[in-house]
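Here is the structure we will look at, set down as C-alpha cells.
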C-alpha cells in the first residue's frame with residue numbers, strides 16, 4: 001500500500017490495542033514452550049483471531065485515509081456502506097483518484113448529482129433500475145451509475161469470487177481507483193486497491 005498521513009483517533013487506538021493483545025498472545029506462546037506439556041494450539045487460535053480482527057480494523061482506518069484526499073464526502077460514503085451492509089444490499093462504489101477511468105469502464109447512466117449517503121443507498125435499492133453495476137464518484141459528485149467494470153480472474157483460495165468482487169479487483173488492477181464492494185450474500189464490506197481486497201468494518 002502507498003504511504004498515507006491520516007489521523008483517525010478511535011481506529012488508531014483500536015489498532016494499538018489489537019497489536020498489544022497479539023504481542024501478549026505471542027509472549028504466552030513463548031512461555032508455553034518453556035513448560036513441559038504446554039499446548040500451543042489454543043494460543044494459535046487466539047492469535048489467528050486477533051490477526052483477522054487487526055486486518056479489518058487496519059483496513060477501515062486506511063479506507064478513510066485513502067478517501068479523504070479525493071472526496072470531502074467520505075463520511076457519507078462510509079455511512080452509506082454501513083447502511084447497505086446492515087441491510088445486505090449489494091453495492092459497488094468506485095472512487096476515482098488520479099487516474100482517469102473513462103476508457104477503463106463501460107459507461108452507465110449519467111447522474112451528475114452531489115454525493116450523499118441517502119442517494120448512494122437509493123441507487124443500490126434491490127430491484128431498482130440502477131442497482132446493478134458500479135457507481136462512479138469523482139470528488140464530491142456521483143458521476144454515473146450502472147457502470148460495467150473489467151473483471152479480474154483472481155481466485156482466493158479454492159473459492160472463486162463473485163462478480164462484484166471480481167469487478168472491484170479488476171478495476172484496481174489497471175488503475176489507482178479505490179473500489180468499495182458490499183456483498184448481498186453476507187453483508188460484508190471490502191475495498192479493492194492496487195489489485196488487493198481488504199475487509200472493512202461495516203457495523
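Residue numbers (full-length UniProt numbering): 1 to 203. Beta carbons: idealized from backbone N, C-alpha and C, even for Gly.
Status (buried if at least 16 other CB within 10 Å, exposed otherwise) for residue i
i: residue 146; result: buried
i: residue 158; result: Below a pLDDT of 50, predicted positions are generally treated as unreliable, and residue 158, at 48, falls in that range; the measurement from the model is reported next regardless. Its Cβ having fewer than 16 others within 10 Å, residue 158 is exposed.
i: residue 94; result: buried
i: residue 13; result: exposed
i: residue 18; result: buried
i: residue 165; result: buried
i: residue 78; result: buried
i: residue 98; result: exposed
i: residue 34; result: exposed
i: residue 225; result: Any property of residue 225 remains undetermined from this structure, which presents the chain solely from 1 to 203.
i: residue 27; result: exposed
i: residue 256; result: Nothing about residue 256 can be reported from this structure: the residues present for the chain run from 1 to 203 only.
Spatially closest choice to residue i from the options, by CA coordinates
i: residue 88; options: 186, 190 and 198; result: 186
i: residue 150; options: 189, 191, 137 and 169; result: 169
i: residue 163; options: 56, 184, 47 and 72; result: 184
i: residue 177; options: 31, 102 and 34; result: 102
i: residue 50; options: 74, 73 and 16; result: 16
i: residue 141; options: 135, 112 and 133; result: 112
i: residue 118; options: 54, 73, 139 and 97; result: 73
i: residue 100; options: 63, 139 and 30; result: 139
i: residue 48; options: 65, 29, 69 and 86; result: 29
i: residue 107; options: 81, 161 and 137; result: 137
i: residue 46; options: 61, 22, 67 and 121; result: 22
i: residue 70; options: 96, 86 and 135; result: 96
Integer-rounded CB distance, given that residue j should sit under 8 angstroms from residue i
i: residue 148; j: residue 105; result: 6 angstroms
i: residue 152; j: residue 109; result: Their Cβ separation, rounded to whole angstroms, is 24 angstroms, which puts residue 152 and residue 109 out of contact at 8 angstroms.
i: residue 130; j: residue 76; result: Not quite, the Cβ-Cβ distance comes to about 17 angstroms (not below 8 angstroms), so this is no contact.
i: residue 124; j: residue 84; result: 6 angstroms
i: residue 172; j: residue 195; result: 6 angstroms
i: residue 181; j: residue 91; result: 7 angstroms
i: residue 200; j: residue 56; result: 7 angstroms
i: residue 81; j: residue 167; result: Their Cβ separation, rounded to whole angstroms, is 16 angstroms, which puts residue 81 and residue 167 out of contact at 8 angstroms.
i: residue 63; j: residue 191; result: 5 angstroms
Beta bridge counterpart(s) of residue i as assigned by DSSP
i: residue 106; result: 148
i: residue 136; result: 94 and 144
i: residue 197; result: 192
i: residue 179; result: 94 and 192
i: residue 113; result: 142
Neighbour flag for residue i against chain C, beta carbons, 8 angstroms
i: residue 33; result: No chain C appears in the structure shown, which is made up of a single protein chain.
Residue i beta carbon near the ligand SAM (any heavy atom closer than 7 angstroms)
i: residue 190; result: The ligand SAM is not part of the structure shown, which contains no ligands of any sort.
- Item | In chain order, each alpha helix (DSSP H) run of at least 4 residues that lies wholly inside the region 3-87 | Qualifying alpha helix (DSSP H) stretches, in chain order: 9-34, 41-67 and 74-87.
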